[in-house]
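For the sequence shown, our numbering begins at 1 and goes up steadily by one.
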Amino acid sequence: MTSTVPDTSLPSGILKLANGFCDAKAVLTAVELGLFTTLHNAPADVEKIRQDLQLHGRGLADWLDLLVELTLLEHKDGRYHNSTGADRYLVRGQESYIGGFIERSNRNLYPAWGRLSEALRTGESQSGSHFDVVVENPKILAQFINSMDAFTRVLGPQLIQAYDGWADYASVLDVGGCRGALTAQIVKAHPHLQGKVFDLPQMEPFFGELVAEQSLDGRMSFHGGSFFTDPLPSADIVVIGHVLHDWDREQRGYLVRKAYESVSPGGVLLVYDRLLDRASSRPANLVVSLDMLLVTDGGSEYWLDEMREHMTGAGFASVADQELGEDDTLVIARKAR
1 MTSTVPDTSL
11 PSGILKLANG
21 FCDAKAVLTA
31 VELGLFTTLH
41 NAPADVEKIR
51 QDLQLHGRGL
61 ADWLDLLVEL
71 TLLEHKDGRY
81 HNSTGADRYL
91 VRGQESYIGG
101 FIERSNRNLY
111 PAWGRLSEAL
121 RTGESQSGSH
131 FDVVVENPKI
141 LAQFINSMDA
151 FTRVLGPQLI
161 QAYDGWADYA
171 SVLDVGGCRG
181 ALTAQIVKAH
191 PHLQGKVFDL
201 PQMEPFFGEL
211 VAEQSLDGRM
221 SFHGGSFFTD
231 PLPSADIVVI
241 GHVLHDWDRE
251 QRGYLVRKAY
261 ESVSPGGVLL
271 VYDRLLDRAS
281 SRPANLVVSL
291 DMLLVTDGGS
301 EYWLDEMREH
311 MTGAGFASVA
321 DQELGEDDTL
331 VIARKAR
């Protein structure tokens with residue numbers, strides 16, 4: 001995804017760049033208030049929207065018109081309609097809904113970015129809560145899981161298509177796999193595979209719900225633990241996606257070495273993250289790296305050379321890489337037989 005930067009040789013361009021947060025907050029608020037879900041049922045005029053969302057009314061028309069200019073709404077015959085993209089991806093309850101991550105951004109990332117100066121001065125997380133607190137609160141944990149599911153709905157099909165070796169193996173393990181949304185997609189696309197998910201024990205009830213919802217009993221298993229202290233199950237294919245960027249360089253190396261022990265002889269490790277080498281996505285991936293500064297104790301995005309070093313140092317026989325979707329890079333490490 002190429003970032004369009006205003007002309008910063010002009011004052012107007014600098015001001016537009018500096019006020020980009022205004023557009024973002026307008027969108028975050030629309031998802032928070034359920035605007036797109038409301039309009040999915042029927043287009044509405046300003047007054048009907050005010051009543052449905054229980055709003056005051058002041059500024060409402062301007063906010064709606066801004067969302068029109070941002071191409072998330074359309075305005076016809078005095079009524080507002082969802083755009084095609086908003087109606088597909090921002091309506092709660094739909095399989096294609098990606099608003100879970102946007103809700104998390106509004107709740108967590110947006111306030112944290114307001115403390116970027118403090119993060120740069122101290123190097124400390126600004127999120128206000130560590131993940132061990134999140135997992136002990138079922139409501140907040142459910143919100144986190146919804147945000148991870150939003151990512152998986154986009155990246156899952158891309159990963160399944162990008163990697164062409166699924167048919168060569170019998171089992172797949174997703175390390176840090178949350179409630180198993182990615183694993184479910186993989187085993188449904190390749191029914192011969194036995195799926196495994198490793199994550200914190202608090203994820204297991206949510207895993208059970210997913211397995212029941214998608215009729216995957218007997219095809220997936222959950223393994224609870226901490227990947228820093230507990231052994232990983234063995235599998236032919238081990239996947240670590242959007243996990244290593246939560247940790248610092250030393251911890252990433254440790255987890256790759258641990259994954260090497262988990263991969264069966266002749267198997268593969270698949271790692272995907274928004275690596276900083278991806279020229280077409282460099283601005284976006286640098287933003288995500290700063291997200292990690294703001295919400296983790298030592299995480300960041302990283303370079304392909306670092307991952308190659310971790311993988312070869314762990315003992316993998318070969319390492320290859322390819323683009324994955326718009327922003328990610330997939331790194332494939334093969335273990336000798």
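Using N, Cα and C, we set each Cβ at its ideal position, and we do this for glycine too. For clarity, every value in this text was computed on a predicted model and none was experimentally measured.
Are the CB atoms of S125 and N108 nearer to each other than 7 Å?
-> By 1-based counting over the sequence shown, the position of residue 125 is 125. By 1-based counting over the sequence shown, the position of residue 108 is 108. Not a contact, by the Cβ cut-off of 7 Å.
Close-in-space but distant-in-sequence residues of the same chain around F227 (CB under 8 Å, 5 per side omitted) = As a position in the sequence shown, residue 227 is number 227, starting the count at 1. Hits under 8 Å: V175, G176, F198, L255 and K258.
Give the DSSP-derived three-state secondary structure of Q214 in the structure shown.
-> Taking the first residue of the sequence shown as 1, we reach residue 214 at position 214. In the structure shown, Q214 sits in coil (DSSP, three-state: anything other than H, G, I, E or B).
To the nearest angstrom, report how far apart E323 and G59 are at their CA atoms.
-> As a position in the sequence shown, residue 323 is number 323, starting the count at 1. As a position in the sequence shown, residue 59 is number 59, starting the count at 1. Roughly 43 Å separates the two Cα atoms.
Apart from the five residues on each side of it in sequence, which residues of its chain come closer than 6 Å, Cβ to Cβ, to V271?
-> Working through the sequence shown from its first residue, we reach residue 271 at position 271. These residues qualify, in order along the chain: I240 and V331.
Separation of E250 from L293, as counted between CA atoms = What you label residue 293 is simply residue 293 of the sequence shown in a count that begins at 1. What you label residue 250 is simply residue 250 of the sequence shown in a count that begins at 1. Rounded to whole angstroms, L293 to E250 spans 16 Å at the Cα level.
Is it buried or exposed for S280, if we count other Cβ within 10 angstroms and need 16 for buried?
-> Numbered from 1 along the sequence shown, position 280 holds the residue referred to as residue 280. So S280 counts as exposed.
Closest to G208 by CA distance: which of D236, S234, R179 and P231 is it?
-> Here the question's residue 208 lines up with position 208 in the sequence shown. Here the closest residue by C-alpha is R179.
Sequence ranges, beta strand (DSSP E) only - wholly within the region 2-55, length at least 3 | none
8 Å contact criterion, which I237 and V172 should meet: CB distance rounded | Residue numbering aside, residue 237 sits at position 237 when the sequence shown is read from its first letter. Residue numbering aside, residue 172 sits at position 172 when the sequence shown is read from its first letter. About 4 Å; that satisfies the 8 Å criterion.
Take D149 and list the residues in its own chain whose beta-carbon comes closer than 8 Å to its own, dropping the five residues that flank it on each side.
-> As a working note, residue 149 is residue 149 in the sequence shown. Once the five neighbours on either side are set aside, the close Cβ partners of D149 are G100, C178, R179 and A181.
Near A314, which residues of its chain fall below 6 Å by C-beta distance, leaving aside the five closest residues on each side in sequence?
-> Here the question's residue 314 lines up with position 314 in the sequence shown. So the qualifying residues of the chain are V256, R257 and Y260.
Length at least 4, wholly inside the region 177-226: the alpha helix (DSSP H) runs in chain order | 181-189 and 204-213
Is the CB-CB distance between S264 and S234 below 7 Å?
-> Looking up residue 264 in the sequence shown gives position 264. Looking up residue 234 in the sequence shown gives position 234. Yes, these two residues count as a Cβ contact at 7 Å.
Where does V326 fall in DSSP's three states?
-> Mapped onto the sequence shown, residue 326 falls at position 326. The sequence given here has Glu at residue 326, not Val. Coil, per DSSP.
For the region 56-111, which segments carrying the alpha helix (DSSP H) assignment without a break, of at least 4 residues, lie completely within its bounds, in sequence order?
-> 60-69, 84-89 and 99-104
Return the Cβ separation of E103 and Q143 in integer angstroms, given the expectation that the two are a contact with Cβ distance under 8 Å.
-> Within the sequence shown, numbered from 1, the residue matching residue 103 stands at position 103. Within the sequence shown, numbered from 1, the residue matching residue 143 stands at position 143. 7 Å between Cβ atoms; contact.
What does a CB cutoff of less than 6 Å around P6 pick up in its chain, not counting 5 residues either side in sequence?
-> As a position in the sequence shown, residue 6 is number 6, starting the count at 1. If we look at P6 and ignore the five residues flanking it on each side, its Cβ neighbours are G13, K16 and L17.
Enclosing beta strand (DSSP E) for D236 [first to last residue] = In the sequence shown, counting from the first residue as 1, residue 236 sits at position 236. A235 to G241 is the span of the beta strand (DSSP E), which, as asked, contains D236.
Have a look at E326 and G165 and give me their C-alpha separation to the nearest angstrom.
-> Walking along the sequence shown from the start, residue 326 turns up at place 326. Walking along the sequence shown from the start, residue 165 turns up at place 165. The straight-line gap from Cα to Cα measures roughly 21 Å.
Assign A86 to one of two classes, buried (16 or more other C-beta atoms within 10 Å of its C-beta) or exposed (fewer than that).
-> By one-based count along the sequence shown, residue 86 stands at place 86. By the neighbour-count rule (16 or more Cβ atoms within 10 Å), A86 is buried.
Could you tell me the boundaries of the alpha helix (DSSP H) in which L270 lies?
-> Within the sequence shown, numbered from 1, the residue matching residue 270 stands at position 270. From DSSP, L270 is part of no alpha helix (DSSP H) but of the beta strand (DSSP E) over V263 to D273.
By how many angstroms is the C-alpha of S289 removed from the C-alpha of L276?
-> Counted from its first residue, the sequence shown places residue 276 at position 276. Counted from its first residue, the sequence shown places residue 289 at position 289. Distance between the alpha carbons of L276 and S289: 9 Å.
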